[in-house]
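Each residue of the sequence shown is one higher than the last, beginning at 136 in my numbering. Glycine included, C-beta positions come from ideal geometry on N, C-alpha and C. Everything below concerns the one structure shown next.
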Amino acid sequence: MKSFAGKALRWEWRDGVIELVLDREPANEIGLIMLAELEQFVSAFPALIPATAVCIFSSNRKHGFSAGADLRELYRTAEQLSEKDRLAGVRSFIERIHAAFNAIDAAPFTTIAAVHGVCFGGGFELALTCDILIADKMARFAFPELRLGLIPGFGGIPRLKRDVGNAFVRDLLLTGRSVNAARAQTVGLVAQLAAEGEALRIARATAAQIVKFDDTTRATTKKFIKPVPHDDLRREIDLFCELFSRPTVMSALKKFVESTDAMPYLP
């Protein structure tokens with residue numbers, strides 16, 4: 136499959152490069168629809184991998200890369216279920232997310248996230264699956280989950296810990312505050328800082344350099360320098376589900392859903 140256009144994202148293969156564009160109103164929240172389309176993308180890997188050197192992830196939404204998980208969908212689905220079924224449903228969703236994100240993380244082609252604006256929660260976790268993160272100067276990163284009584288559940292903690300120092304990880308997780316692209320570059324999270332609106336252009340220029348290299352060497356190098364932290368990822372699923380079982384989480388989600396703020400996910 137050389138191209139795909141769905142309700143939440145689209146991708147196109149050309150000259151060894153896949154460009155995958157997140158495009159779901161209002162801010163690329165990751166829910167069942169986007170997850171299903173990410174799974175379709177991953178399922179196409181056997182056909183795509185032999186001819187692919189690079190995949191660029193970007194967003195067509197003006198607010199940014201992604202605001203994170205679709206918390207409204209999560210709450211409305213969960214409130215209709217018994218406690219037992221609710222927890223089973225959440226675990227199933229989280230395990231599906233992890234399977235898709237792990238496949239992207241371990242893909243033999245090089246992955247680049249071209250980030251602008253909001254890159255929060257689950258959207259930040261998707262960006263962290265990528266090998267190279269390029270951000271325009273207006274991008275902001277955050278894990279605001281603690282205000283809901285949760286931890287990031289899409290693999291964010293192990294991947295962030297893999298990529299940067301623990302002091303930055305703790306600051307981001309325990310305060311819920313956002314950081315700008317300049318600080319993210321300083322700590323080693325962002326590889327390249329772009330002018331406003333230029334992240335995708337820089338990502339394309341970077342991809343043009345990467346496609347020049349031998350496929351086997353590139354894939355071997357990636358596997359060596361970027362191991363997938365499977366044990367920590369499985370532990371994160373358990374911790375997320377354990378925290379989600381508490382009534383305080385449903386109360387916090389209810390408050391979020393009923394908020395009249397246009398973007399209640401902003402710190």
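Q.
With a threshold of 8 Å on Cβ separation, who are the neighbours of Glu404 within its own chain once the five nearest residues in sequence on each side are excluded?
A. Within the shown structure, residues of the chain are numbered from 136 to 402, placing residue 404 beyond reach of any answer.
Q: Give every residue of the same chain whose Cβ lies closer than 6 Å to the Cβ of Ser194, excluding the five residues on either side of it in the sequence, and list them in chain order.
A: Excluding sequence neighbours, Ser194 sits near Leu157, Asn163 and Phe200.
Q: List the endpoints of the continuous alpha helix (DSSP H) containing Gly205.
A: Looking at the sequence shown, residue 205 is not Gly but Asp. For Asp205, there is no enclosing alpha helix (DSSP H), as DSSP marks it with neither H nor E.
(Q) Going by beta-carbon coordinates alone, are Ala186 and Gly151 separated by less than 8 Å? (A) Yes, Cβ-Cβ distance for Ala186 and Gly151 is below 8 Å.
Q) If you drop the 5 nearest sequence neighbours on each side, which residues of the same chain put their C-beta closer than 8 Å to that of Arg231? A) Excluding positions up to five away in sequence, the list reads Leu170 and Glu174.
Q: Taking 8 Å as the cut-off, decide whether the C-beta atoms of His313 and Arg282 are in contact.
A: With the sequence shown as reference, residue 313 is identified as Ser, and His is not the correct amino acid for it. Contact check for Ser313 against Arg282 fails: the beta carbons are separated by 8 Å or more.
(Q) Between Trp148, Thr351, Gly258 and Ile269, which has its C-alpha nearest Ala182's C-alpha? (A) Residue Trp148 holds the alpha-carbon nearest to the alpha-carbon of Ala182 among Trp148, Thr351, Gly258 and Ile269.
(Q) Once DSSP output is grouped into helix, strand and coil, what is the label at Leu368? (A) Of the three classes helix, strand and coil, the one that applies to Leu368 here is helix, per DSSP.
Q. Roughly how many angstroms separate the alpha carbons of Asp298 and Ile184, rounded to a whole number?
A. Cα atoms of Asp298 and Ile184: separation of roughly 25 Å, rounded to the nearest angstrom.
Q.
If contacts are defined as beta-carbon pairs under 8 Å, then Leu246 and Cys190 qualify, I think. What distance do you get, rounded to the angstrom?
A. With the sequence shown as reference, residue 246 is identified as Thr, and Leu is not the correct amino acid for it. That pair is a contact at about 5 Å.
Q. Which term fits Ile239, buried or exposed, when burial requires 16 or more other beta carbons within 10 angstroms of its beta carbon?
A. Looking at its Cβ environment, which holds 16 or more other Cβ atoms inside 10 Å, Ile239 is buried.
Q | 8 Å Cβ cutoff met for Asp271 and Ala329 | A | Taking 8 Å as the Cβ cut-off, Asp271 and Ala329 qualify as a contacting pair.
Q: Tell me whether Pro293 is buried or exposed, calling it buried when 16 or more other Cβ atoms sit within 10 Å of its Cβ.
A: Pro293 is buried by the Cβ-count criterion.
Q: Note down, one range per segment and in chain order, each beta strand (DSSP E) of at least 3 residues found wholly within the stretch 320 to 347.
A: Here the runs fully enclosed are 327 to 329.
Q: Please confirm if the stretch 304 to 322 is in contact with the stretch 209 to 220, defined as three or more CB-CB distances below 8 Å between the two stretches.
A: Flag = no, the stretch 304 to 322 and the stretch 209 to 220 do not touch.
Q.
Since Ala202 and Val253 should fall inside the 8 Å C-beta cutoff, what is the C-beta to C-beta distance between them, to a whole number of angstroms?
A. In this structure Ala202 is in contact with Val253, their Cβ atoms being roughly 5 Å apart against a cut-off of 8 Å.
Q.
DSSP three-state label for Ser178, please.
A. DSSP places Ser178 in helix when its eight states are reduced to three.
Q: Work out the CA separation of Ala249 and Ile153 for me, nearest whole Å.
A: Cα to Cα, Ile153 sits roughly 13 Å from Ala249.
**Q.** Sequence-distant residues of the same chain with beta carbon closer than 7 Å to Leu167, five excluded per side
**A.** Contacts found: Glu208.
(Q) Output needed for Leu378: all residues of its chain with C-beta closer than 6 Å, excluding positions within five of it in sequence on either side, in chain order. (A) Only Leu285 meet the Cβ criterion.
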